[in-house]
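Residue numbers for the sequence shown follow my numbering, beginning at 39 and rising by one.
Cβ atoms here follow ideal geometry from the backbone N, Cα and C, with glycine treated the same way.
Some notes on the structure that comes next.
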Amino acid sequence: MTPFGARLRAAMDARGPLCVGIDPHAALLASWGLNDDIAGLQKFSRTVVEALADSVAVFKPQAAFFERFGSKGIAVLEQTVADARAAGTLVVMDAKRGDIGSTMAAYAETFLSPSSPLFSDALTVSPYLGYGSLEPAVELARRSGAGLFVLALTSNPEGAEVQRAVREDGRTIGATMLGHLAAENAGAAPMGSFGAVVGATLGDLSSFDLDINGPLLAPGIGAQGATAADLPAVFGAAVRNVVPNVSRGVLKHGPD
């Protein structure tokens, strides 16, 4: 399979860079006039995919909002992934998995193995058991042509406690994660498959080297306060690789 980075670049060039999060939380379902149950979940997810698949590069389903319904919710998530991919839209599974060894390998197989019903184009992962703990996911992503988005500089205020912490070598943890990703993507063209999650609400990030030759998934657009006009000031020259994520800003308008 063509590597994720190349497929993402082609999708961004063809449809624009927008990523729409599929986040079916109870309040949003209610605002659509849907019940907070499996039927509401199915209707919401199907409507989002049918309405937007032709005009966005990426869908990002938030796994937790499906998992809360148990096995039936996971079945809806499987169908949502299948519908989105059948429509030619890339799927980034927002599951933020992070563990070590065989457990991390199992998480990777769930979302990055082509034989899995939840196989996605990319997966969000947490590196805070050490970047090396992600190796099973990195290895499987390379084999399957998938990608990863590693939490590096997130938009939530609490993230700074860890991500802005300074190591003995003077680098922050966030900068260290960006460095690892740059190494993963070295030599890839037109863009590597290993991206970072970097919040669009963080302001000037010129002190960080965002040139990782990979995509930058940027949450915070819309309801969290950032706008598309803010992106050049936040990301600088790396803005070409930014995938702005919006969820509530689009979905709050309802099914019509």
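- Query: By DSSP, does Arg205 sit in helix, in strand, or in coil?
  - Reply: Indexing the sequence shown from 1 puts residue 205 at position 167. Reduced to three states, the DSSP call for Arg205 is coil.
- Compute the distance between the beta-carbons of Gly43 and Met215, then report whether it is under 8 Å. As a first step, residue 43 must be located in the sequence shown, where it is residue number 5. As a first step, residue 215 must be located in the sequence shown, where it is residue number 177. Not a contact, by the Cβ cut-off of 8 Å.
- Query: Are Leu289 and Val280 touching if we call contact CB-CB under 8 Å?
  - Reply: Mapped onto the sequence shown, residue 289 falls at position 251. Mapped onto the sequence shown, residue 280 falls at position 242. No, Cβ-Cβ distance for Leu289 and Val280 is not below 8 Å.
- Item | Nonlocal neighbours in the same chain, by C-beta distance under 6 Å from Ser231, ignoring five residues either side | Locating residue 231 in the sequence shown gives position 193, counting from the first residue. Apart from sequence neighbours up to five positions away, the residues of its chain that approach Ser231 with a beta-carbon distance below 6 Å are Pro41, Phe42, Gly43 and Gly185, ordered along the chain.
- Query: For Pro165, which residues from the same chain have a beta carbon less than 6 Å from its beta carbon, with the 5 sequence-adjacent residues on both sides left out?
  - Reply: Start at 1 with the first residue of the sequence shown, and residue 165 comes out as number 127. Hits under 6 Å: Leu172, Val188 and Met215.
- Take Val176 as the anchor and find which of Asn194, Leu219, Leu156 and Gln201 has the nearest alpha-carbon. Taking the first residue of the sequence shown as 1, we reach residue 176 at position 138. Nearest option by C-alpha distance: Leu219.
- Task: Using the Cα positions of Ala226 and Trp70, report the straight-line distance between them to the nearest angstrom.
- Result: Here the question's residue 226 lines up with position 188 in the sequence shown. Here the question's residue 70 lines up with position 32 in the sequence shown. For the pair Ala226 and Trp70, the Cα-to-Cα distance works out to about 42 Å.
- Unbroken beta strand (DSSP E) runs of length 3 or more, entirely within the segment 184-228: which are they? Along the segment 184-228, the beta strand (DSSP E) occurs as fully enclosed runs of 3 or more residues at 185-191, listed in sequence order.
- Can at least three beta-carbon pairs, one atom from the segment 91-105 and one from the segment 52-60, be found at a separation below 8 Å? With the rule of 3 Cβ pairs closer than 8 Å, the segment 91-105 counts as touching the segment 52-60.
- Query: Would a C-beta distance cut-off of 8 Å place Leu161 and Ala133 closer than the cut-off?
  - Reply: In the sequence shown, counting from the first residue as 1, residue 161 sits at position 123. In the sequence shown, counting from the first residue as 1, residue 133 sits at position 95. Cβ distance < 8 Å, so Leu161 and Ala133 count as in contact.
- Message: If I measure Cβ to Cβ from Lys110 and keep anything under 7 Å in the same chain, skipping five residues before and after, which residues do I get?
- Response: Indexing the sequence shown from 1 puts residue 110 at position 72. Around Lys110: Ile76.
- Which one of Pro174, Ser154, Arg106 and Asp121 has the shortest CA to CA distance from Arg135? If you number the sequence shown from 1, residue 135 lands on position 97. Selected option, being the one with the closest Cα: Pro174.
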